[in-house]
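Engineer: Sharing a structure below in structure tokens format, with a few things to ask.
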Ligand SMILES: *Cc1c(COP(=O)(O)O)cnc(C)c1O
């Protein structure tokens, strides 16, 4: 009997046989028309799976989720403007490290791990530092399991005419996102968490209305240049050699997601989570973030 490994971490995740086999479709040069079609299909299916094809466009990059996040961070702040980073866990801290590594002006709102940000603090930072152009935060902070109040921060961003960037790497297709009433300008995701593809390709879902602004942001990196990747991908082209086989697997994973629907997948994960919480309680373990303290989908 074939040995089956069950992965119990947030990522990498187990994938289906269909996704695993998809990467064996064969060798392909990314300068061929077949790859151009695959690229177009993956980008289209990503936004279709979430029902956001009118407002959003997908920009892919080869690399793990961190690659897409770094691309989004260093490509989204205009010359002379700053980023406000909300940090309450390892991943929020990573956003700040990225901005600092690219020598971008940043303001930090730091909380102990597991503590949600206070909206008053966000608002007073926006008042105090008018140079803040982009607010960045992690949606689901995987280190603690805390769900940050993305909808309330989105409302603040709108009120103050700021752009919002969210690391949704572990929440996309796992937690609800209200795409229409609480818009996020840049949503960062990866193939290999709740999307259930294989590692090697990640993406940013960009609000189309923000594209003209992004095109004017100065280049801070050659590889991680969001506007340039977007322009190339719109032409059916890629800037560099992509992880072709990871794209095959992502296409199959998106077919599965569209069949299951995003809502169906969220329900399935929620049922798993309930089972785990029950089991942990039976073992006498306490939850770090009690469910009542988590900022849910309407926070
Ligand atoms: C997993 C994760 C990352 C990092 O993703 P990699 O694919 O390991 O680069 C970043 N942010 C969050 C919230 C994550 O859960």
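In the working numbering, the protein residues as written are 15 to 313. Even for Gly, the Cβ is constructed at its ideal location relative to N, Cα and C.
Going by DSSP in three states, residue 64 sits in which element: helix, strand or coil?
Structural biologist: Residue state, collapsed to three classes: coil.
Engineer: Going by CA-CA distance only, name the one from 127, 121, 128, 129 that's closest to residue 137.
Structural biologist: Of the candidates 127, 121, 128, 129, the one whose C-alpha sits nearest the C-alpha of residue 137 is 121.
Engineer: Please work out which residues of its chain come closer than 8 Å, Cβ to Cβ, to residue 228, disregarding the five sequence neighbours upstream and downstream, and give them in chain order.
Structural biologist: So the qualifying residues of the chain are 89, 90, 220, 240, 241, 244.
Engineer: Can you find a heavy atom of ligand 1 that lies under 6 Å from the Cβ of residue 25?
Structural biologist: Yes, Cβ of residue 25 sits closer than 6 Å to a heavy atom of ligand 1.
Engineer: What residue range does the beta strand (DSSP E) around residue 149 cover?
Structural biologist: From DSSP, the beta strand (DSSP E) with residue 149 extends over 146-152.
Engineer: Within the region 29-80, note down every full alpha helix (DSSP H) run reaching 4 residues or more, in order along the chain.
Structural biologist: As far as the region 29-80 is concerned, its whole alpha helix (DSSP H) runs of at least 4 residues are 31-36, 47-63.
Engineer: Decide yes or no for the touch test of the region 52-59 against the region 172-179: beta carbon pairs closer than 8 Å, at least 3 of them.
Structural biologist: Verdict: no, contact absent.
Engineer: How many whole angstroms separate the CB atoms of residue 183 and residue 250, which I take to be in contact at a CB cut-off of 8 Å?
Structural biologist: Actually they are not in contact, since the Cβ atoms of residue 183 and residue 250 sit about 26 Å apart, beyond 8 Å.
Engineer: Which of helix, strand or coil does DSSP assign to residue 280?
Structural biologist: DSSP places residue 280 in helix when its eight states are reduced to three.
Engineer: How far does the alpha helix (DSSP H) with residue 258 in it reach, from first residue to last?
Structural biologist: Run containing residue 258: 258-274, per the alpha helix (DSSP H) assignment.
Engineer: Quick check on this structure: which residue in 49, 64, 96, 46 has the alpha carbon closest to the alpha carbon of residue 277?
Structural biologist: Minimum Cα distance to residue 277 is reached at 64.
Engineer: Can you tell me whether DSSP reads residue 238 as helix, strand or coil?
Structural biologist: If DSSP states are grouped into helix, strand and coil, residue 238 belongs with coil.
Engineer: Enumerate in chain order the residues of its own chain whose CB-to-CB distance from residue 113 is below 7 Å, with the five nearest sequence positions on each side excluded.
Structural biologist: For residue 113, where only same-chain residues beyond five positions count, the Cβ hits under 7 Å are 87, 97, 99, 120.
Engineer: Output the distance between the C-alpha atoms of residue 180 and residue 141, rounded to the nearest integer angstrom.
Structural biologist: Computed Cα separation, rounded: 21 Å.
Engineer: Can you tell me whether DSSP reads residue 101 as helix, strand or coil?
Structural biologist: DSSP places residue 101 in strand when its eight states are reduced to three.
Engineer: Under a three-way DSSP split, which group does residue 296 fall into?
Structural biologist: Here residue 296 sits in helix by DSSP.
Engineer: Pairing CB atoms from the region 295-303 with CB atoms from the region 141-160, are three or more of them under 8 Å?
Structural biologist: They touch, by the three-pair rule.
Engineer: Per DSSP, which residues does residue 124 bridge with? Please list them.
Structural biologist: Looking at the DSSP assignment, residue 124 forms a beta bridge with 101.
Engineer: Residues in its own chain within less than 8 Å of residue 39 by CB, not counting five upstream and five downstream?
Structural biologist: Closer than 8 Å at the Cβ level, and outside the excluded window around residue 39, lie 259, 262.
Engineer: Once the 5 residues before and after residue 32 are set aside, which same chain residues still bring their CB inside 6 Å of it?
Structural biologist: These residues qualify, in order along the chain: 266.
Engineer: To the nearest angstrom, how far is the alpha carbon of residue 252 from that of residue 211?
Structural biologist: Distance between the alpha carbons of residue 252 and residue 211 is about 20 Å.
Engineer: I'd like to know whether the C-beta atoms of residue 129 and residue 162 end up nearer to each other than 7 Å.
Structural biologist: No, Cβ-Cβ distance for residue 129 and residue 162 is not below 7 Å.
Engineer: Please classify residue 199 as buried or exposed, where buried requires at least 16 other C-beta atoms within 10 Å of its C-beta.
Structural biologist: Its Cβ being crowded by 16 or more others within 10 Å, residue 199 is buried.
Engineer: Quick one: what's residue 200 bridged to in DSSP?
Structural biologist: 179, 220.
Engineer: Name the DSSP bridge partner or partners of residue 215?
Structural biologist: In DSSP, residue 215 forms a bridge with 76.
Engineer: Indicate whether residue 147 and residue 92 have their beta-carbon atoms separated by less than 7 Å.
Structural biologist: Contact flag set, yes.
Engineer: Please report the Cβ distance between residue 69 and residue 222, rounded to the nearest whole angstrom; I am assuming they are in contact, meaning their Cβ atoms lie under 8 Å.
Structural biologist: At roughly 6 Å, the Cβ-Cβ gap stays under 8 Å, so residue 69 and residue 222 are in contact.
Engineer: Check this for me: beta carbons of residue 76 and residue 246, under 7 Å apart or not?
Structural biologist: No.
Engineer: Apart from the five residues just before and just after residue 126, which ones in its own chain have a Cβ nearer than 8 Å to its Cβ?
Structural biologist: These residues qualify, in order along the chain: 102.
Engineer: If we ignore side chains and look at the alpha-carbon of each, how far apart do residue 308 and residue 108 end up?
Structural biologist: Each residue's Cα considered, the two are about 22 Å apart.
Engineer: Of all the options 208, 115, 82, which has the alpha carbon lying nearest to the alpha carbon of residue 275?
Structural biologist: When each option's Cα is compared against that of residue 275, the closest is 208.
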